[in-house]
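Take a look at the structure set out below.
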Amino acid sequence: MKPVDQSAAADVFIADVQHERFHDHHLWDLRKGRDQERDHIPEWETLRQLASDIKAHTLTHLADYLEEFERNATANGVQVHWAQNAQEHNRIVGEIFEARQVKTVIKSKSMLTDECQMRPYLAERGITVIESDLGERIQQLDDDQPPSHIVVPAVHKLRGDVAKLFAQTIHSDPNNDDPKVLSEAGRQSLRPHFLAADAGMTGANYLIAETGSFVVCTNEGNADISANLPPLHVASVGIEKLIPRIEDLGVFIRLLSRSALGSPITQYTSHFRAPRDGGEMHIVLVDNGRSARLGMTDFWTSLKCIRCGACMNTCPVYRRSGGLSYGSVYPGPIGVILNPAIDLHRYRALPYASTMNGSCTSVCPVKINIHEQIYQWRRIISEKQELPLLRRTALDVAAQVLASPVLYRRVIAGLDQVSRDFPRALIYNPLNAWGLQREMPEAPKATFHQWWAKNRGADHE
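Going by this note's numbering, 461 is the number at position 461 of the sequence shown; the sequence numbering is gapless.
Quick look at the structure:
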């Protein structure tokens, strides 16, 4: 597929100043809320280390814990399926629905089903999937626009945008953009779908090997309704969501909502262990490249991610460029390190959508070294000759200049002299992306080396 041009897509988002400023400020508020919650918990860093250690232990014993989960889930009356990739996941889910003549599905938020592009697959087979999470529903109504954030998928929209969209799609008042009114309109439009659905779908935040159960965290309660009203419940879950014991869950629950939204806990932490009376429950465990990533020495710890979005909320590039600019279900810093493992050619530009400031690593509740992995992906992209020709040529020239102190000093001195009289039209034009967002600094009268040789060099001869 054609490589994602994150920079060009970001330009479009930045040009809409009102949306860009709201996006930046709102996500920074979430980051500040996270910091306030952190400061209320003296053992915060201990929790982060414990969560990281639990994940590391689980991932390094993943096969054993997956088998334990399957045994216990099966004993609970759950039907467990294994999917090697997105195609197998979609086929399995489709076969479950077709065998039971399912035509309508009500689904709570699931990044995995978006990753597998399940909705279009089922639509081709006459099965309609309705998103029950309000943010995901907004995105679905907006011509199936992908989510822009893994926790707040419609965060790039203003309430006026939602009012206009709801007026066009569910016939609410276009002139009333009160959030409570919009939420109620969304809720009322979803009620008939909950009641009429032939099946419900959820993802899962955590799989628990010890009990064969899984946990879904929401703030709307929509997952509970999706799972309990229809007679059939299907949960699609990535194999990395596993934790060993029920007592481990408390560590992650204390970290998740605080990191994501700056709130002490999610409104609903729902445990699913067995089918309801007279009902049927299936769990589809999905690999889709996760095992391959587990074997990558520099990148396997990215599988620790608990999808809190804290790295996005703190990232200056994400906050100012919008999630849709990343061209993937997984945007922001975590997407920067996940997506190249899926398709290096398509996502080769993403590791350069970073200032490498390390803030993403410092806020990650499971201590993923995100900024270091971004650097490693840049190295791989260069080694695999995936850099665009112009950038590759520029870096080759820079490498030769930086490798020679004499050449470096001559080039710097020459550029300083040239830049004083350089025509602005050659720097600030549509063909030079560097000049679009920056102003050239004023060149000093002398380089540091020239200053040292003149003022201090003689003192050391």
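C-beta: ideal position from N, C-alpha, C; glycine also.
Here the structure is a predicted model, which is why all the values come from computation and not from measurement.
Can you grab the Cα-Cα spacing for the pair residue i / residue j, in whole Å?
i    : j    : result
S291 : A197 : 34 Å
R119 : L112 : 11 Å
E383 : I208 : 40 Å
I96  : S213 : 20 Å
E461 : K445 : At E461, the pLDDT of 49 sits below 50, so the modelled position is not reliable; the number obtained from the coordinates is stated separately. Computed Cα separation, rounded: 24 Å.
I283 : I306 : 19 Å
V397 : A453 : 27 Å
I380 : Q373 : 10 Å
F22  : I138 : 18 Å
A443 : G414 : 11 Å
E98  : N85  : 20 Å
G279 : D224 : 14 Å
D53  : P430 : 49 Å
V102 : P388 : 47 Å
G186 : I127 : 22 Å
R295 : E184 : Looking at the sequence provided, one finds Gly at residue 295 rather than Arg. Spanning the two alpha carbons is a distance of roughly 47 Å.
N72  : A63  : 14 Å
A10  : V17  : 12 Å
R100 : P3   : 40 Å
D360 : L30  : According to the sequence shown, residue 360 is Cys rather than Asp. Approximately 14 Å, taken between the alpha carbons.
R293 : H26  : 33 Å
Q188 : G135 : 15 Å
P423 : G435 : 13 Å
P264 : C308 : 13 Å
F299 : H57  : 16 Å
V12  : D143 : 19 Å
L426 : N432 : 8 Å
Give every residue of the same chain whose Cβ lies closer than 6 Å to the Cβ of residue i, excluding the five residues on either side of it in the sequence, and list them in chain order.
i    : result
L59  : L303
P331 : G323
R468 : Past the boundaries of the shown model lies residue 468; the chain is included only from 1 to 461, so the question cannot be answered.
W44  : R38
E70  : V80
I92  : H81, A83, V284
Y318 : M312, G332
A353 : Q6, V317
P231 : G279
Since residue i contacts residue j with CB under 8 Å, what's their CB separation in whole angstroms?
i    : j    : result
H449 : R410 : Not quite, the Cβ-Cβ distance comes to about 10 Å (not below 8 Å), so this is no contact.
M201 : V105 : 6 Å
M356 : Y375 : 7 Å
F166 : A227 : Contact doesn't hold; Cβ gap of about 26 Å is too wide.
H149 : M1   : Between M1 and H149 the Cβ distance is about 23 Å, and since that is not below 8 Å, they are no contact.
Beta-carbon separation of residue i and residue j under 8 Å?
i    : j    : result
L324 : G335 : no
G262 : K32  : yes
I146 : V329 : Rather than Ile, the amino acid found at residue 146 in this sequence is Pro. A contact, by the Cβ cut-off of 8 Å.
L195 : L66  : no
E115 : N222 : no
R159 : P179 : yes
K157 : I130 : no
I14  : R320 : yes
S259 : A341 : no
T266 : C217 : yes
S270 : V215 : yes
V286 : H89  : yes
T301 : I368 : yes
At least one CB of chain B closer than 8 Å to the CB of residue i: is that the case?
i    : result
Y330 : Protein chains in the displayed structure number just one, and chain B is not present.
Excluding the 5 residues preceding and the 5 following residue i in the sequence, name in chain order all residues of the same chain whose CB lies nearer than 7 Å to its CB.
i    : result
L51  : Leu is not the amino acid found at residue 51; the sequence shown has Ala there. Counting only Cβ-Cβ distances below 7 Å, and skipping sequence neighbours, we find V251, F252, L255, P365, V366.
T169 : L141
L407 : V401
D133 : S108, K109, E220, N222
A204 : F214, V215, V216, A235, V237, K241
For residue i, I'd like the list of residues in its chain whose CB is within less than 8 Å of its CB, leaving aside the five on either flank, ordered along the chain.
i    : result
P275 : G77, V78, H233, M281
R392 : S382, Q385
V162 : I138, A154, D177, L182
K164 : P174
D343 : M1
R245 : I208, A209, E210
N339 : Y326, S328, Y330, R346, Y347, L350
Minimum length 3: unbroken beta strand (DSSP E) runs contained in the segment 175-220: Entirely contained in the segment 175-220, the beta strand (DSSP E) runs reaching 3 residues are, in chain order, 199-202, 206-208, 213-218.
3 or more residues per run - each beta strand (DSSP E) lying fully within the segment 355-390: The DSSP assignment places no complete beta strand (DSSP E) segment of no fewer than 3 residues inside the segment 355-390.
If you scan the segment 24-101 from start to end, which runs of the beta strand (DSSP E) of 3 or more residues do you find wholly inside it? Segments of the beta strand (DSSP E) lying fully in the segment 24-101: 79-83.
Completely contained alpha helix (DSSP H) runs for the segment 391-450, where each covers 4 or more residues: DSSP runs (the alpha helix (DSSP H)) wholly in the segment 391-450: 405-420, 424-427.
Alpha helix (DSSP H) runs contained entirely in the segment 298-364, provided each spans 4 or more residues: For the alpha helix (DSSP H) assignment, the uninterrupted runs of no fewer than 4 residues enclosed by the segment 298-364 are, from N- to C-terminal side, 310-314, 316-321, 332-342, 359-363.
Which complete alpha helix (DSSP H) runs does the segment 95-180 hold, if anything under 4 residues is left out? Within the segment 95-180, the complete alpha helix (DSSP H) runs of at least 4 residues are 111-115, 118-123, 134-141, 159-169.
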